[in-house]
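Let me begin by presenting the structure, written as structure tokens, before commenting on it.
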Amino acid sequence: MKRARLIYNPTSGREEMRRRLPDILQKLDEGGIEVSCYATQGEGDATAEVERSLARGGYDMIIAAGGDGTLYEIINGLANMPNRLPLGIIPVGTTNDFARAMGIPKHWEYACELIINQYKENIDVGRANERYFINIAGGGFLTELTYDVPIKLKTMIGQLAYYLKGMEKMVHLRPTELTFEAEGVGEFVGEFMLFLICNSNSVGGFEQLAPDSKLNDGLFDVLLVRKCNLAEFIRLVTLALRGEHFGDPHVVHFRTNRLTVTSPDKVQLNLDGEYGGTLPAVFENLPLHIEIYMDETGESTYS
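Going by this note's numbering, the residue at position 15 of the sequence shown is 15; the numbering climbs one at a time, nothing skipped.
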């Protein structure tokens, strides 16, 4: 029997995890995985529990059950430890961007089967100052909306809560003075609407935003959006839905493994949908830093 520490958010995805927990435990047990559980109760709980579990020892893996916020906290518990255990993911959250990028099925039963099959691969992890992210880092007015959405609203109406918050923020569209110094690329200075540092190809449900971004190439795909008005920005969003935004003069795209971002203004950072502090920040790619359970054929799809 393998031993796993399952860390789950009982409020994720309209409280689906709370309802499915007995079925998940039975499925994993039948697959030869003995599970002990920890339910998070507040911010930082998942990170602290990962650190406690690794300090105690006796586990073969960590399993994250929740959304991108739960996964973010667990990554921040794992990434800084010398004895990093493999990570299994059961995506029962509202958006599940990382699971979508990895092709991990949304249905809990199929996600459990990937963990039971025990095939895993190493992926890159991003570091922003002293914090870690696995999927996306960004800054600018719209990147704040994911952690501005109240938890109760997300629980009640799911992903629609993000769209409502986005429309509310659109009327306050404004640029920010930013300086970017990218390793092997150069410097960019000016007024920008937002910047996105992508470790995968799925960002906020947009699978065409950075379609060629890979989780194991040691590089970030960086997107900068130059100053524009509301009509131009809405047009850019429409182009991004189709993956046609790279040719637009307002968009700067490059790849790098290290990026320094500064600003004279106070700019909040978004790391995997969570508040990640403020600028200045140094973003570094840590190649093949964590093992993730996934499908050996690469054919599994998030749906």
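Where is the CB? At the ideal position from N, CA and C, for every residue including glycine.
Taking DSSP as the reference, what is the three-state secondary structure of residue i?
i	result
residue 11	coil
residue 173	coil
residue 22	helix
residue 266	coil
residue 288	strand
residue 61	strand
residue 306	Lying before the first or after the last residue shown, residue 306 is absent from the chain, which here runs from 1 to 303.
residue 134	coil
residue 38	strand
residue 279	coil
residue 256	strand
residue 43	coil
residue 1	coil
residue 185	coil
residue 299	coil
residue 66	strand
Using C-beta distances below 6 Å, list every residue in its chain close to residue i, excluding the 5 sequence neighbours before and after it, in chain order.
i	result
residue 378	This structure gives no information on residue 378, because the portion of the chain shown stretches from 1 to 303.
residue 16	92
residue 260	181, 282
residue 291	86, 120, 122
Excluding five sequence neighbours on each side, which residues of the same chain lie with their C-beta closer than 7 Å to the C-beta of residue i?
i	result
residue 76	47, 131, 132
residue 184	256
residue 174	141
Tell me, to the nearest whole angstrom, how far the beta carbon of residue i is from that of residue j; I am working on the premise that it is less than 8 Å.
i	j	result
residue 200	residue 98	7 Å
residue 124	residue 273	Between residue 273 and residue 124 the Cβ distance is about 18 Å, and since that is not below 8 Å, they are no contact.
residue 105	residue 263	Incorrect: roughly 40 Å between the Cβ atoms, too far for contact.
residue 55	residue 89	Between residue 89 and residue 55 the Cβ distance is about 22 Å, and since that is not below 8 Å, they are no contact.
residue 122	residue 288	4 Å
residue 78	residue 87	7 Å
residue 114	residue 293	5 Å
residue 191	residue 176	7 Å
If you draw a straight line from the alpha carbon of residue i to that of residue j, how long is it in whole angstroms?
i	j	result
residue 110	residue 244	33 Å
residue 209	residue 32	39 Å
residue 277	residue 182	20 Å
residue 29	residue 35	7 Å
residue 139	residue 42	24 Å
residue 222	residue 119	30 Å
residue 20	residue 84	27 Å
residue 25	residue 266	45 Å
residue 296	residue 101	15 Å
residue 51	residue 8	15 Å
residue 299	residue 112	16 Å
residue 196	residue 137	6 Å
residue 231	residue 194	16 Å
residue 108	residue 214	25 Å
residue 284	residue 96	23 Å
residue 128	residue 279	10 Å
residue 38	residue 188	45 Å
residue 219	residue 103	20 Å
Please return the same chain residues whose Cβ sits closer than 8 Å to the Cβ of residue i, not counting the five positions on each side in sequence.
i	result
residue 206	240, 241
residue 236	225, 228, 245, 248, 250, 251
residue 212	201, 221
Could you tell me which uninterrupted alpha helix (DSSP H) segments, each at least 4 residues in length, are contained entirely in the region 76-129, listed from first to last along the chain? The qualifying runs are 97-102, 108-117.
3 or more residues per run - each beta strand (DSSP E) lying fully within the region 201-251: For the region 201-251, whole beta strand (DSSP E) runs of length 3 or above, ordered along the chain, are 220-226.
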